[in-house]
Amino acid sequence: MKFKYNIIAAGIMMAAAASAQAQIYKVTLSGASENPPVVTNGTGSGVVTLNTTTHELRVKAVFSGLNGNTSASHIHCCVATPTANAGVFTATPSFPGFPLGVKEGSFDAIYSTAQAATWNATAVTGNGGTVAGAEAALATGAAAGGAYLNVHSTTSGGGEIRGTLVRFSFAPASTAATSGLASALDSLGAGTGVVNDRLVALASLNTSQQSSALVSLLPVSSTVVSTLASNALFADYDQIGNRLGGLRVASEAGTGFWVKAGDHDGEQQLSTRGVDVESDGWDVAGGLDYQLSTNSLLGASLSYGEDSLEYSGLMFGSSGSLNGWRATAYGEQRIGTGFIEGMLTMASYDSDSARSAGVAGIANGSADIDQWGGRVAAGMLWELGTGVSLTPQARLDWSTIDLDGYQETNAGGLALNVGSQSEDRLRASFGGQLDWTMSPTIKPYVRAFWGSELKDDDSVTSASFATGGSPFVVRDAGLENSGYVLGIGVNVVSGSNFGAALSYDRTDGDTYQSNMLQAKALWRF
-6 MKFKYNIIAA
4 GIMMAAAASA
14 QAQIYKVTLS
24 GASENPPVVT
34 NGTGSGVVTL
44 NTTTHELRVK
54 AVFSGLNGNT
64 SASHIHCCVA
74 TPTANAGVFT
84 ATPSFPGFPL
94 GVKEGSFDAI
104 YSTAQAATWN
114 ATAVTGNGGT
124 VAGAEAALAT
134 GAAAGGAYLN
144 VHSTTSGGGE
154 IRGTLVRFSF
164 APASTAATSG
174 LASALDSLGA
184 GTGVVNDRLV
194 ALASLNTSQQ
204 SSALVSLLPV
214 SSTVVSTLAS
224 NALFADYDQI
234 GNRLGGLRVA
244 SEAGTGFWVK
254 AGDHDGEQQL
264 STRGVDVESD
274 GWDVAGGLDY
284 QLSTNSLLGA
294 SLSYGEDSLE
304 YSGLMFGSSG
314 SLNGWRATAY
324 GEQRIGTGFI
334 EGMLTMASYD
344 SDSARSAGVA
354 GIANGSADID
364 QWGGRVAAGM
374 LWELGTGVSL
384 TPQARLDWST
394 IDLDGYQETN
404 AGGLALNVGS
414 QSEDRLRASF
424 GGQLDWTMSP
434 TIKPYVRAFW
444 GSELKDDDSV
454 TSASFATGGS
464 PFVVRDAGLE
474 NSGYVLGIGV
484 NVVSGSNFGA
494 ALSYDRTDGD
504 TYQSNMLQAK
514 ALWRF
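Position 403 of the sequence shown, counted from 1, bears residue number 396 in my numbering, the numbering being contiguous throughout.
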């Protein structure tokens, strides 16, 4: 079920309490930030995390272009204004393991704030005489913008480049689509273990890279899966309808069986995420017709299809698949030259996804999907001349899809719990098929349909990180309001008991395009 609002609120409060004790800070190092300023080509950047619950201080930095060789580095605290100078707060003479005697280098280390060796002795004595007092003072000073990272060199003993610890948030890199995700990431605070590794890696990216990474961290769009499943269903209906209607010109429908196989591809634009999703797949089906009377026919079919998905336009790609069965019952009633068709389907799919989240690893997800759908169509056969006929018709299609919730695996601690959801779609279409006879056995046709989505609401996906943090909601836009299908094909009739058809259809709309090639054969007895 979808997350309830009270659960979301409780999660946010708990995450906020936890993140207040575990913060991420970013640092931009320059000579201009020194007091007094230092003229240097030296630059650098870093990420500092402080977790007062696990008592860990992590410092990750990179620097280059110094005038002199490094002689020390540490955090200073606590100043009233960012430009003021403060005493050394962490270990002296330098962070253990910091690269000394170089003009450029990188550094990444974790220290226990519960150990006296992590602190300058004056930081301890000046804050109650305990390491806990020093830790609390640094947490307070950094949160107030009163701490800075300093890199000292042989030419600038007081520091050649330094930078204030600035509280980091993913919010500046977020968009309307990723704002909830950004808040959920912020609620994780500094995290611990592998989560800390991933958050620090994400924080080390520039804003543009972070923006792209946030899109990659979103759960796989339910809109994509729903659209793929409903389009496959509606395409089945088109082919069953063409079986009933396309070969109608050649001979009377009768008891028998039929098979079909097809290949298809498509592309869907996710405007809210700014990415495209390409799909490619195939399907096979078979059906049995039973003639109730001269004007009535019932039938049933079973189809199986497999589709693959590839996301493009992301900093890191994602992929997925949708495999499943569809069982359809259908019927036709003729009234003079007119007809009414009805179809009803139950379907079951397996959906697998590999969401490549870059520095967060590859998250694998798997969900079961149930689908119900139907079509009601009506039309009339018009003889336009010798061997030429037109079959205009109107269709109403609907599809309801239930996607089970699932928990991703992997993703370096940033795997998601994704809530269950339902997707509804209702489409009306109008058009027709023009058949003509080239020979007693060859009967080509063309067809065109225009359709409008009567109900295709935005999808809402609820999720949270499996490692904690606040729940968040992702909203993806539904399909466009209208589109069209153009098709060509040929019916081949041999005697009174065999028919076959080959067809190509192109579907086009503002946010979705697809191509479908189908081959069918029908035997009567």
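Heads up, the beta-carbon is just placed ideally off N, CA and C, and yes, glycines get one too.
Keep in mind that this is a model prediction, so the values were computed, not measured.
- In chain order, G80 place their CB closer than 7 angstroms to the CB of T115, counting only its own chain and leaving out the 5 sequence neighbours on each side.
- For D345, the enclosing beta strand (DSSP E) has its first and last residue at G331 to S349.
- In the structure shown, N288 falls within a coil segment according to DSSP collapsed to helix, strand and coil.
- Inside the stretch 202 to 270, DSSP marks whole alpha helix (DSSP H) runs of 4 or more residues at positions 215 to 238, from first to last along the chain.
- At least 8 angstroms separates the beta-carbon of L142 from that of C70.
- In this model, I103 and T111 are separated by some 10 angstroms (Cα to Cα).
- The C-beta distance from S455 to P464 rounds to 6 angstroms, short enough to meet the 8 angstroms contact threshold.
- According to the DSSP assignment, E128 belongs to the alpha helix (DSSP H) that extends over V124 to A136.
- Closest in C-alpha terms to V252, from the list D282, T265 and E260, comes D282.
- Contact fails between the stretch 253 to 267 and the stretch 345 to 357, because fewer than three Cβ pairs, one in each stretch, are under 8 angstroms apart.
- Nearest neighbour of V117 by Cα position, chosen from A137, T83, F161 and T147, turns out to be T83.
- For G378, the enclosing beta strand (DSSP E) has its first and last residue at W375 to G378.
- Here the alpha carbon of Q16 sits roughly 28 angstroms from the alpha carbon of T63.
- In the DSSP annotation of this structure, the continuous segment of the beta strand (DSSP E) that includes L409 starts and ends at L409 to V411.
- Leaving aside the five residues that flank P212 on each side, the residues in its chain whose CB is nearer than 7 angstroms to its CB run, in chain order, L409, V411, T454, A456 and V467.
- Counted as a single uninterrupted DSSP element, the alpha helix (DSSP H) harbouring G173 occupies residues S172 to S180.
- DSSP, read as helix, strand or coil, puts P165 in helix.
- The straight-line gap separating the alpha-carbon atoms of L510 and G378 is approximately 29 angstroms.
- A Cβ-Cβ separation of about 7 angstroms places S209 in contact with S311 under the 8 angstroms criterion.
- G471 is positioned such that its CB atom lies no closer than 8 angstroms to that of F442.
- Judged by DSSP secondary structure, A322 falls within the beta strand (DSSP E) whose first and last residues are S311 to I328.
- Relative to L221, the option among G313, G405, S162 and E27 whose CA is nearest is G313.
- Excluding residues up to 5 positions away in sequence, D269 and T504 lie with their Cβ nearer than 6 angstroms to the Cβ of Q262 in the same chain.
- Residue E446 holds the alpha-carbon nearest to the alpha-carbon of Y477 among S197, E446, S496 and T460.
- With contacts defined by Cβ atoms closer than 8 angstroms, K53 and V72 do not form a contacting pair.
- Here A387 has A370, A371, G372, A421, S422 and F423 as same chain residues with Cβ atoms under 8 angstroms from its own Cβ, once five neighbours each way along the sequence are excluded.
- With 16 or more other Cβ atoms from the protein chains shown falling within 10 Å of its own Cβ, R319 counts as buried.
- For the pair G298 and S272, the Cα-to-Cα distance works out to about 12 angstroms.
- Per DSSP, the unbroken beta strand (DSSP E) holding D417 starts and ends at Q414 to W429.
- Between the stretch 174 to 190 and the stretch 327 to 335 there are fewer than three C-beta pairs closer than 8 angstroms, too few to call the two in contact.
- Inclusion of F56 and G35 in the CB contact set at 8 angstroms is warranted, their separation being smaller than that value.
- One alpha carbon belongs to N508, the other to N484, and they sit about 19 angstroms apart.
- If you look at G492, you'll find it isn't in any alpha helix (DSSP H); it sits in the beta strand (DSSP E) that goes F491 to G502.
- Runs of the beta strand (DSSP E) lying entirely within the stretch 21 to 76 and spanning at least 3 residues, in chain order: 36 to 44, 49 to 57 and 63 to 70.
- The closest CA to that of T123, considering only T106, S415 and D276, is found on T106.
- Inter-residue distance for S180 and A278 is about 49 angstroms (C-alpha atoms, whole angstroms).
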